[in-house]
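Q: In our numbering, the protein residues as written are 972 to 1195.
Note that beta-carbon positions come from the ideal geometry of N, C-alpha and C, so glycine has one too.
Handing you a structure now.
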Amino acid sequence: MTTSHPWQDPERIKRFLSVTRAAIPLAGEQLATMLYVIQQAAPTVTRFLDVGCGSGVLSHLLRECYPAAYGVLVDYSEPMLTVARDQFDPAQTAILQADLSQPDWVEVVQPHAPFDVVVSGYAIHHLTDERKRGLYQEIFDLLRPGGIFINVEHVASPSPWVESLFIESFADNLYAATRHEGYTREQIVARLYEDDGDIVAPVEAQCGWLRQIGFEHVDCYMKI
Ligand SMILES: C[S@@+](CC[C@H](N)C(=O)[O-])C[C@H]1O[C@@H](n2cnc3c(N)ncnc32)[C@H](O)[C@@H]1O
972 MTTSHPWQDP ERIKRFLSVT RAAIPLAGEQ LATMLYVIQQ AAPTVTRFLD
1022 VGCGSGVLSH LLRECYPAAY GVLVDYSEPM LTVARDQFDP AQTAILQADL
1072 SQPDWVEVVQ PHAPFDVVVS GYAIHHLTDE RKRGLYQEIF DLLRPGGIFI
1122 NVEHVASPSP WVESLFIESF ADNLYAATRH EGYTREQIVA RLYEDDGDIV
1172 APVEAQCGWL RQIGFEHVDC YMKI
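Here you go:
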């Protein structure tokens, strides 16, 4: 991998894993909802795929629920993959490097397909809308018939006021978690509004794309 990207920065990754991930509003409830829906849809899971896995937060939960399943984790960040490699048994897990912004990422995971379950957490909003749609089609093609895809994701708000609800809630959590660092709550809010390369898209539009591809039971099962 020769191109530079924001998830190569070890400090950013350390911060995300130690503070930000758990401070996402209703982060625990989101993951519980993900697991509930998957368990209802797929009582048996032989293979799962975690797209933009980071350290493997989602995969850990799938591994607990489906201890015999083979997990495939894919991300382009070497520092993230290094953290993931330390945490998963290589006999039961493939941890792969690929860039989701390029359609050829599929070639890296294809040998492990088809998957019963595909999950993704806070990764796809780093891609253009065109690539999001392409990726959803690629994920559809990697699933076995009847398989399930859950995207735990950051989406566009319909108005600045609605966005402020999310930002204020996120800031409350970050402020509580980092009070010892001395940042004011206002500084934390300002940082959350900074443009850090997110390309968020409305949930309704993304559900529409998924339906057009052929996914069934498409819904936003939980939103804050
Ligand atoms: C916010 S982190 C989320 C990590 C993990 N899924 C979680 O829920 O904690 C976003 C992840 O997406 C990955 N990512 C972003 N753009 C990517 C791309 N073009 N190809 C592969 N991975 C990408 C980053 O490297 C990072 O690990």
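Quick check: the Cα distance between R1102 and Y1093, rounded to an integer number of angstroms?
A: Position 131 of the sequence shown, counting from 1, holds the residue named residue 1102. Position 122 of the sequence shown, counting from 1, holds the residue named residue 1093. Computed Cα separation, rounded: 15 Å.
Q: Rounded to whole angstroms, what's the CA-CA distance from P913 to E1124? Just pull it up for me.
A: No answer is possible for residue 913: it lies beyond the span of the chain, which begins at 972 and ends at 1195.
Q: Which residue or residues does DSSP assign as beta-bridge partners of R1018?
A: The count along the sequence shown starts at 1 and reaches residue 1018 at position 47. DSSP lists Y1041 as partners of R1018.
Q: Since I believe L1033 is in contact with V1080 (beta carbons under 8 Å), could you give me their beta-carbon distance rounded to a whole number of angstroms?
A: Within the sequence shown, the letter at position 109 stands for residue 1080. Within the sequence shown, the letter at position 62 stands for residue 1033. No, V1080 and L1033 are not in contact; Cβ-Cβ is about 15 Å, not under 8 Å.
Q: Spatial neighbours of T973 within its chain, please: C-beta separation below 7 Å, excluding the five flanking residues on both sides.
A: Residue mapping note: residue 973 aligns to position 2 of the sequence shown, counting from 1. Residue placement at T973 cannot be trusted, given a pLDDT of 41 that sits under 50; the coordinates are not used to answer.
Q: Please work out which residues of its chain come closer than 7 Å, Cβ to Cβ, to A1142, disregarding the five sequence neighbours upstream and downstream, and give them in chain order.
A: In the sequence shown, residue 1142 corresponds to position 171, counting from 1. Taken in chain order, the residues that qualify are R1156, I1159, V1160, L1163.
Q: Evaluate contact between the region 1125-1138 and the region 1028-1044, counting only Cβ atoms and requiring at least three cross-stretch pairs below 8 Å.
A: no
Q: Could you give the first and the last residue of the continuous beta strand (DSSP E) run that contains T1053?
A: For the purposes of this step, residue 1053 is taken as residue 82 along the sequence shown, with counting starting at 1. Run containing T1053: none in the beta strand (DSSP E); it sits in the alpha helix (DSSP H), 1049-1056.
Q: Could you check if G1118 belongs to the surroundings of ligand 1, using beta carbon to heavy atom distance under 6 Å?
A: Translated into the one-based positions of the sequence shown, residue 1118 becomes position 147. For ligand 1, not one heavy atom lies less than 6 Å from the Cβ of G1118.
Q: Whose C-alpha, out of G1023, Y1192, V1008, W1180, is nearest the C-alpha of C1036?
A: Here residue 1036 refers to the residue found at position 65 of the sequence shown. Ranking G1023, Y1192, V1008, W1180 by Cα distance to C1036 puts V1008 first.
Q: The beta strand (DSSP E) with G1027 in it runs from where to where?
A: Your numbering for residue 1027 matches position 56 in the sequence shown. G1027 -> no beta strand (DSSP E), and no H or E assigned at all.
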